[in-house]
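S.K.:
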Amino acid sequence: MTPSRRYNIEHKTTYTYSDDVGASYGRGYLRPRDLPWQRCLSHRVITRPSAADSSIGVDVYGNNDLYFHVTTSHRKLEVISQSLVEVRRPAIDAKAVSLPWERARPANAGDADAVDFVLPSPRVDVTDEVRRYAEVSFPPGRTIEAAIMDLTHRIFTDFTYKSGSTTVTTRVSDVLTDREGVCQDFAHLAVACLRSLGLAGRYVSGYLATTPPPGKARMVGVDASHAWAAIWMPGDTWLAFDPTNDQLADERYATVAWGRDYGDVPPLRGVIFTDAKTSEMEVAVDVEPLGMDTEADAAGNSLFDR
Amino acid sequence: MTGVAAPVFPAGDSIVTSYIQSERQLPVDDRAEPRFDEMVGQDRDIRPAWAELAAGLAEMGKPGLRRLRSQVERMLDNDGVTYIPIGGARTEPRPAGPAQRGDDEAAAVDVKPAPRERWRLDPVPLILDAPDWAELEAGLLQRATLLDLILTDIYGPRTLIRRGFIPPALIFGSDAYLRPAHGMRIPGSHQLFFYAADVFRTPEGAFTALGDRTQAPSGAGYAMADRRVVTRVSPEVFRRSAPHGLSGFFRTFRNALQSVAPRAAEDPRVVVLSPGTQSETAFDQAYVASMLGLPLVEAVDLTVREGRLWMRALGRYEPVDVVLRRVDAGYTDPLDLRSDSQLGVVGLLQAARRGSVTVVNTIGSGILENPGLLPYLPVLSEALLAEPLKLPSVSTFWCGEAVSLSHVLANFAEMVMRPTDGTGRSIIVGRLDAAEVADLRSRISAEPQRWVGQPFAPFSVAPVGTPEGLAARQVGQRLFAVADQSGYVAMPGGLGRVLPLDQQSERSHSMSEAKDIWVRSGQAALAGDRDSAPWLADTSALTSARSSATTSPRALEDLFWFGRYTERVEDLTRLLIATRDRIDEFRQRGAVPEADLVPVLLATVTHSSATYPGFVNGGVGVLPEMRSLVLDRYRMGTVAQSLAGLTEAANGVRDQLSGDTWLVLAGVDRALAELSRDQYDQGSMLQATHASILSGTLALSGLAAENMIRDHGWRLMDIGRRLERSLQLVSVLRWTLGRAQSPAVDSLLIESVLQFAESILTYRRRYRGRTQIGTVLELLLLDVGNPRSLAYQLQAMGADLKALPDASGTSLPERLLEEQVARVRRCNVTEFDQAGPEGERTDLLKFLGDTHEALSSLAEAIAAQHFWHPAKMRQLDRPIGQRRDRRPA
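Protein sequences, first through last, are from chains A and B.
Everything in the first sequence is counted per this note's numbering, starting at 1 for the first residue and increasing by one.
Everything in the second sequence is counted per this note's numbering, starting at 1 for the first residue and increasing by one.
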């Protein structure tokens with residue numbers, strides 16, 4: 001049993017408007033999932049002004065989706081999500097990762113649900129350029145693990161991380177041409193690469209705990225929400241990898257939601273009614289490590305049995 | 001003749017015998033393939049079910065048929081049965097703000113109404129005999145049952161996909177599969193509520209389904225409207241083959257809607273959600289709503305609060321339990337579905353997921369329209385129902401399967417290609433040129449799972465009335481079924497369709513003719529004796545259970561503008577008549593000093609209608625300009641433009657107006673069309689048109705006065721009418737009497753104003769022919785007994801405002817009105833004829849100017865209080881007015 005870590009995560013989004021907003025309807029993917037390697041110990045969302053109506057449901061992929069409706073007229077809306085989450089390093093199916101990658105094609109493996117993640121999706125178009133880029137990492141017969149590590153590393157080295165270089169509407173083909181982007185773009189690219197080869201790839205949204213530089217105190221609120229990718233493997237498990245940081249997802253990755261692409265699981269989206277001419281949005285994310293959770297270890301494995 | 005089903009045929013030539021003789025040689029398309037003839041059997045005999053109809057057709061001959069056709073056209077006009085070709089349909093919301101409604105301020109706004117076309121209907125019905133119908137009905141109901149099970153599974157356990165009965169790519173790869181709808185269930189045992197199948201007959205005479213309609217099937221309203229028209233025009237002889245009535249189906253439909261309501265609410269409120277009057281099948285939606293007695297609403301009329309759906313109604317919210325959806329599912333909620341939709345209700349999906357409202361057809365039901373499913377239905381039928389599929393589908397190959405793809409490509413020239421999402425048109429490969437074929441091939445190879453191929457198959461033919469007699473044309477049928485608690489119930493009839501000569505795809509966008517479908521009962525000949533003619537039941541639509549409570553602010557606004565436009569048409573027409581009379585008079589009298597009044601009147605026309613430059617700058621020919629003021633619908637302020645606005649407003653509240661409204665409007669349209677055709681008119685036709693328009697507006701006034709419940713909608717319509725009349729009166733007075741002329745001209749102007757204001761007889765009687773400004777103003781401004789006076793309009797508006805539910809006596813509109821009443825009462829009209837050195841009647845001008853301004857403020861206050869325009873809808877996560885955005889790093 002690998003040790004688990006606990007994080008106190010605060011994700012605060014502030015919208016300010018130049019004029020009154022009569023009503024805001026919101027949909028959010030903010031509550032971390034409960035998974036074999038992760039538990040959401042507590043979670044709450046506060047809005048200011050407070051919502052007249054709110055609820056959390058479960059979507060088609062098992063994610064927790066928040067709905068809220070603010071009816072008080074406002075010029076500033078805050079949505080604060082607070083989660084206490086416990087994460088372990090996900091167990092990797094050693095047998096599955098050492099299979100030749102071709103075996104992970106859901107069409108070959110006869111897995112119907114995974115086919116949903118093979119087909120193109122609104123923000124991930126699978127072009128010939130993508131396929132050519134992907135093929136380099138997937139020579140025939142290579143193991144899934146080797147191929148994924150190679151793809152992760154190549155995206156990490158071939159592309160420049162550049163904050164603000166792209167927008168939510170940037171296409172995979174733009175990223176491929178410009179060779180720069182942010183985590184969301186690299187996750188989309190990785191997913192597109194998998195799909196171009198008939199593999200099932202999903203987009204994962206969550207948080208990454210960062211370590212401050214040696215000797216510096218941890219700064220509050222400088223973190224961000226993060227995104228990475230995962231590939232389906234025979235045995236119906238998924239291997240999650242992070243091309244932005246050239247590594248497999250481990251106990252530093254708190255998973256919130258997954259879908260075919262960003263559009264399925266944005267942290268927050270919604271509809272407002274206003275005549276405002278301008279608005280601003282500010283996001284502050286803080287992932288505070290609470291240290292090793294010895295208590296949970298003492299309590300045994302039952303916490304993580306599912 | 002008694003009702004015995006014996007083929008009665010006049011010997012020798014008739015349009016029926018020539019149909020029989022010519023039919024076999026008449027090429028329907030470029031392939032001379034054998035076809036099934038619905039009326040004529042193998043041995044050129046008339047099929048028994050058609051006997052009476054054929055006899056009737058033979059009897060009437062070509063002239064009778066021609067007469068029948070023109071009667072049908074007239075009826076369709078009179079009933080306002082229309083269709084908006086898809087190219088002309090707009091998806092943006094209806095114009096809402098007064099600025100877009102032809103208000104005086106907005107003379108520059110170019111309002112081009114969508115090209116609404118008359119529905120086209122063949123007078124000859126398509127007859128189905130009892131055995132055929134029994135077979136068809138059983139097949140239809142079985143298909144509905146099967147598709148229901150498939151739909152339930154797709155959005156539930158997905159067993160069919162997991163077990164390989166349905167290829168996953170067929171569902172997951174379709175835009176009609178709506179993931180946010182996963183896991184949602186509506187009450188009752190069926191998830192597929194309303195179903196339609198497009199059916200045709202093969203050359204062998206076998207009924208075959210071309211496709212399934214499950215998104216939000218259209219056409220049931222047209223089927224009913226067709227039946228009403230055909231019923232009324234058909235000669236007696238047709239009626240001997242009286243078909244099953246259709247209104248029973250609508251009763252079942254209404255009960256079915258109530259039975260899917262979420263709670264055991266005693267009287268669930270059901271609404272019909274329409275994309276708006278610009279939608280392709282707006283008529284169908286409105287007609288279905290009125291057949292069901294349900295309010296027709298648009299997204300703007302609805303809102304989600306406290307997790308459930310509400311309808312806005314004069315200052316409060318009414319809960320809504322069931323939505324019959326005519327908006328495509330993807331557009332129903334900009335929060336969870338297409339964020340660019342202006343046709344949806346924010347939060348509707350959330351409310352439906354919680355089960356506080358039932359939306360039918362269910363959000364996501366469109367997935368069943370995917371033609372890629374067709375090849376899998378026979379096996380699914382065996383697996384799920386343990387029965388063979390009774391109504392087979394047209395042979396279909398889904399290109400997502402390698403074998404099917406190569407079959408399609410190998411037989412490409414014989415294929416009709418259809419996209420699986422149903423959004424694009426079908427493509428008949430045989431009609432493409434080489435380059436187009438190559439292009440299509442590569443598109444299919446790139447995304448094979450998005451295509452199916454169907455071998456081209458000709459439909460059966462049936463007689464269609466043409467000016468030259470009967471012609472054989474390919475016909476298809478759309479049949480309907482609704483989920484009742486016990487199972488599916490079919491409409492005994494449907495929407496028949498005559499294929500355009502060059503078309504065979506069922507989603508043709510070029511408008512083809514409709515056909516009424518007559519399902520004959522087993523005892524056809526006795527139908528007339530049975531429960532006193534099913535015809536009668538069909539002619540009276542179910543009485544609508546609407547109440548004032550269900551009038552939304554949008555509908556109120558439509559009625560308000562209906563009133564304003566009606567009055568605007570009437571007032572401009574009256575002014576044109578009064579002006580024309582003077583022109584005629586002085587043309588005969590030649591150049592006399594009094595002729596100076598003509599330019600004053602012409603300028604008044606231009607000012608009052610805001611049709612600048614018009615007569616104000618001179619230089620326009622009088623007759624062409626007078627014609628344009630009536631005919632030019634794209635010019636702001638004209639009669640035609642106001643009529644278009646009036647029609648548009650009427651379409652928005654079709655369920656609240658008497659059906660006779662359309663009869664009146666059709667008459668006016670015909671008069672305008674006649675004038676328009678007469679290019680060389682020297683004024684006499686124009687004069688006749690003025691009279692027709694005026695009698696139309698008088699008829700509308702009569703309908704409003706005698707045929708409408710005095711509910712809130714009527715009040716707003718009346719306010720609109722009174723407000724417009726006041727404004728027009730003030731404007732005409734301003735431009736005719738505002739400046740002193742010679743006494744002779746003034747006296748003639750006064751007469752013209754009195755003629756315009758329909759008060760000349762009273763005036764003559766009361767003041768014995770002596771014309772004076774003071775007495776005229778007394779009659780037109782102050783006399784509360786004169787229904788054309790300003791004081792009368794103010795009083796009537798006061799009564800209307802008081803009758804509205806949120807009247808407090810101190811609301812802004814009420815206060816503004818009070819002020820005007822007091823001001824009018826206090827004014828001293830005897831001083832108004834005083835003219836200043838420049839000839840201006842300053843006091844009169846000031847009074848009229850102030851009144852105009854006050855009336856405009858009143859209009860704004862009424863709009864602010866009673867109409868509701870939502871603030872702009874924006875996306876939360878897209879900052880307004882800047883490009884940058886924060887997102888996951």
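The C-beta atom is built at its ideal place from N, Cα and C for all residues, glycine as well.
These numbers were taken from a predicted model, which means no experiment stands behind them.
If distances are taken between C-alpha atoms only, which option among B:Gly713, B:Arg431 and B:Val592 comes closest to tryptophan 561 of chain B?
M.R.: Residue mapping note: residue 561 of chain B aligns to position 561 of the second sequence, counting from 1. Of the listed residues, the one whose Cα sits closest to tryptophan 561 of chain B is B:Gly713.
S.K.: Tell whether a beta-carbon distance below 9 Å holds between aspartate 150 of chain A and valine 136 of chain A.
M.R.: The sequence position of residue 150 of chain A within the first sequence is 150, counting from 1. The sequence position of residue 136 of chain A within the first sequence is 136, counting from 1. Contact annotation: aspartate 150 of chain A and valine 136 of chain A have beta-carbon atoms nearer than 9 Å.
S.K.: Say whether chain B places a C-beta atom closer than 9 Å to the C-beta of phenylalanine 138 of chain A.
M.R.: If you number the first sequence from 1, residue 138 of chain A lands on position 138. Closer than 9 Å: no.
S.K.: Any contact between the region 744-755 of chain B and the region 566-586 of chain B? By contact I mean 3 or more CB pairs, one from each, below 8 Å.
M.R.: By the criterion of at least three beta-carbon pairs nearer than 8 Å, the region 744-755 of chain B is in contact with the region 566-586 of chain B.
S.K.: Evaluate leucine 515 of chain B with the Cβ neighbour count: other Cβ atoms within 10 Å of its Cβ, from every protein chain shown; 16 or more gives buried, anything less gives exposed.
M.R.: As a position in the second sequence, residue 515 of chain B is number 515, starting the count at 1. Correcting the residue type first, residue 515 of chain B is lysine in the shown sequence and not leucine. Buried, by the Cβ-count rule.
S.K.: For glutamate 306 of chain B and chain A, any beta-carbon pair shorter than 9 Å?
M.R.: Residue numbering aside, residue 306 of chain B sits at position 306 when the second sequence is read from its first letter. Judged by the 9 Å Cβ criterion, glutamate 306 of chain B is in contact with chain A.
S.K.: From which residue to which residue does the beta strand (DSSP E) around histidine 11 of chain A run?
M.R.: Along the first sequence, one-based indexing puts residue 11 of chain A at 11. Counting along the chain, the beta strand (DSSP E) containing histidine 11 of chain A begins and ends at 5-28.
S.K.: Which same chain residues end up closer than 7 Å to alanine 51 of chain A when comparing Cβ atoms and leaving out the 5 residues on each side of it in sequence?
M.R.: Position 51 of the first sequence, counted from the first residue, corresponds to residue 51 of chain A. Taken in chain order, the residues that qualify are Phe68, His69 and Val70.
S.K.: Cα separation between isoleucine 46 of chain A and aspartate 65 of chain A?
M.R.: Position 46 of the first sequence, counted from the start, is the residue given in the question as residue 46 of chain A. Position 65 of the first sequence, counted from the start, is the residue given in the question as residue 65 of chain A. The alpha-carbon atoms of isoleucine 46 of chain A and aspartate 65 of chain A are separated by roughly 15 Å.
S.K.: I want to see whether chain A comes within less than 9 Å of valine 357 of chain B, judged by CB atoms only; does it?
M.R.: Here residue 357 of chain B refers to the residue found at position 357 of the second sequence. No, no contact with chain A.
S.K.: Among the residues of its own chain, which have a CB less than 8 Å from the CB of alanine 107 of chain A, if the five just before and after it don't count?
M.R.: Against the first sequence, residue 107 of chain A aligns to sequence position 107. Result list for alanine 107 of chain A: Val115, Val118 and Gly198, in chain order.
S.K.: Looking only at C-alpha atoms, which of B:Gly652, B:Arg158 and B:Trp133 sits nearest to aspartate 111 of chain A?
M.R.: Sequence index remark: in the first sequence, residue 111 of chain A carries index 111 (1-based). Out of B:Gly652, B:Arg158 and B:Trp133, B:Arg158 has the C-alpha closest to the C-alpha of aspartate 111 of chain A.
S.K.: Proline 358 of chain A touches chain B at which residues, Cβ-Cβ below 7 Å?
M.R.: Because chain A in this structure spans residues 1 to 306, residue 358 of chain A falls outside the shown range and cannot be described.
S.K.: Step through the CB atoms of chain A and report whether any lies within less than 9 Å of the CB of arginine 354 of chain B.
M.R.: Taking the first residue of the second sequence as 1, we reach residue 354 of chain B at position 354. Yes - at least one Cβ of chain A is within 9 Å of the one on arginine 354 of chain B.
S.K.: Are the CB atoms of valine 498 of chain B and leucine 559 of chain B nearer to each other than 9 Å?
M.R.: Reading the second sequence from its first residue, position 498 is the one you call residue 498 of chain B. Reading the second sequence from its first residue, position 559 is the one you call residue 559 of chain B. No; because the gap between Cβ atoms is not below 9 Å, this pair is not in contact.
S.K.: First and last residue of the beta strand (DSSP E) that includes histidine 43 of chain A?
M.R.: Residue mapping note: residue 43 of chain A aligns to position 43 of the first sequence, counting from 1. Run containing histidine 43 of chain A: 38-48, per the beta strand (DSSP E) assignment.
S.K.: So which residues of chain B does valine 126 of chain A contact, with C-beta pairs closer than 9 Å?
M.R.: Locating residue 126 of chain A in the first sequence gives position 126, counting from the first residue. Ordered by position in chain B, no residue passes the 9 Å Cβ test against valine 126 of chain A, which lies about 10 Å from the chain.
S.K.: Just mark leucine 337 of chain B as buried or exposed, buried being the case when its beta carbon has 16 or more other beta carbons within 10 Å.
M.R.: Locating residue 337 of chain B in the second sequence gives position 337, where the first residue counts as 1. Answer is buried; the Cβ neighbour count reaches 16.
S.K.: Among the residues of its own chain, which have a CB less than 6 Å from the CB of arginine 44 of chain B, if the five just before and after it don't count?
M.R.: Position 44 of the second sequence, counting from 1, holds the residue named residue 44 of chain B. Ile20, listed in sequence order.
S.K.: Count the other CB atoms within 10 Å of the CB of arginine 734 of chain B; is the residue buried (16 or more) or exposed (fewer)?
M.R.: For the purposes of this step, residue 734 of chain B is taken as the residue at position 734 of the second sequence. Its Cβ being crowded by 16 or more others within 10 Å, arginine 734 of chain B is buried.
S.K.: Check whether chain B comes within 9 Å of valine 271 of chain A, counting only Cβ atoms and requiring the distance to be less than that.
M.R.: By one-based count along the first sequence, residue 271 of chain A stands at place 271. Chain B contact via Cβ: present.
S.K.: Along chain A, which residues have their Cβ under 7 Å away from the Cβ of valine 346 of chain B?
M.R.: Here residue 346 of chain B is taken as the residue at index 346 of the second sequence, counted from 1. Those within 7 Å of valine 346 of chain B in chain A are Tyr25 and Val271.
S.K.: Looking at arginine 725 of chain B and the ligand GTP, is the gap between the Cβ and the nearest heavy atom below 8 Å?
M.R.: Within the structure as shown, the ligand GTP is missing, as the structure has no ligands at all.
S.K.: Drop a sphere of 10 angstroms on the beta-carbon of arginine 143 of chain B, count the other beta-carbons inside from all chains shown, and report buried for 16 or more, exposed for fewer.
M.R.: Residue 143 of chain B sits at position 143 when you count from the first residue of the second sequence. The residue in question, arginine 143 of chain B, is buried, as its Cβ has 16 or more Cβ neighbours within 10 Å.
S.K.: Just how far apart, CA to CA, sit alanine 227 of chain A and asparagine 245 of chain A?
M.R.: Counting from 1 along the first sequence, the entry for residue 227 of chain A is found at position 227. Counting from 1 along the first sequence, the entry for residue 245 of chain A is found at position 245. Roughly 11 Å between the two C-alpha positions.
S.K.: Tell me methionine 415 of chain B's beta-bridge partners as DSSP assigns them.
M.R.: Numbered from 1 along the second sequence, position 415 holds the residue referred to as residue 415 of chain B. Under the DSSP definition of a beta bridge, methionine 415 of chain B partners with B:Pro455.
S.K.: Please say whether alanine 313 of chain B and proline 553 of chain B have beta carbons closer to each other than 9 Å?
M.R.: Indexing the second sequence from 1 puts residue 553 of chain B at position 553. Indexing the second sequence from 1 puts residue 313 of chain B at position 313. Yes, the Cβ-Cβ distance between proline 553 of chain B and alanine 313 of chain B is below 9 Å.
S.K.: By how many angstroms is the C-alpha of glutamine 485 of chain B removed from the C-alpha of glycine 188 of chain B?
M.R.: The residue labelled residue 188 of chain B in the question sits at position 188 within the second sequence. The residue labelled residue 485 of chain B in the question sits at position 485 within the second sequence. Roughly 7 Å between the two C-alpha positions.
S.K.: Determine the DSSP secondary structure at serine 426 of chain B, reduced to helix, strand or coil.
M.R.: Numbered from 1 along the second sequence, position 426 holds the residue referred to as residue 426 of chain B. Of the three classes helix, strand and coil, the one that applies to serine 426 of chain B here is coil, per DSSP.
S.K.: Counting C-beta neighbours from all protein chains within 10 Å, is the total for alanine 55 of chain B 16 or more, i.e. buried, or is it exposed?
M.R.: As a working note, residue 55 of chain B is residue 55 in the second sequence. The residue is buried, with at least 16 neighbouring Cβ atoms inside 10 Å.
S.K.: Per DSSP, what kind of secondary structure is asparagine 108 of chain A in: helix, strand or coil?
M.R.: As a position in the first sequence, residue 108 of chain A is number 108, starting the count at 1. The three-state reading of DSSP puts asparagine 108 of chain A in helix, counting H, G and I together.
S.K.: Compare the C-beta of proline 243 of chain B with all C-beta atoms of chain A and state if any pair is closer than 9 Å.
M.R.: Residue mapping note: residue 243 of chain B aligns to position 243 of the second sequence, counting from 1. No, proline 243 of chain B lies away from the interface with chain A (no Cβ there is under 9 Å from its Cβ).
S.K.: Output, in chain order, the set of chain A residues within a Cβ distance shorter than 8 Å of phenylalanine 172 of chain B.
M.R.: Walking along the second sequence from the start, residue 172 of chain B turns up at place 172. Below the 8 Å Cβ cutoff, chain A contributes Val115, Asp116 and Leu119 as neighbours of phenylalanine 172 of chain B, in chain order.
S.K.: State yes or no: is the beta carbon of tyrosine 67 of chain A nearer than 9 Å to at least one beta carbon in chain B?
M.R.: Counted from its first residue, the first sequence places residue 67 of chain A at position 67. Closer than 9 Å: yes.
S.K.: Checking the sheet assignment: what are the DSSP bridge partners for glutamine 247 of chain A?
M.R.: If you number the first sequence from 1, residue 247 of chain A lands on position 247. According to DSSP, which records beta bridges pairwise, glutamine 247 of chain A is partnered with A:Asp242.
S.K.: Alpha carbon to alpha carbon, how far is alanine 699 of chain B from aspartate 660 of chain B?
M.R.: For the purposes of this step, residue 699 of chain B is taken as residue 699 along the second sequence, with counting starting at 1. For the purposes of this step, residue 660 of chain B is taken as residue 660 along the second sequence, with counting starting at 1. Here the alpha carbon of alanine 699 of chain B sits roughly 9 Å from the alpha carbon of aspartate 660 of chain B.
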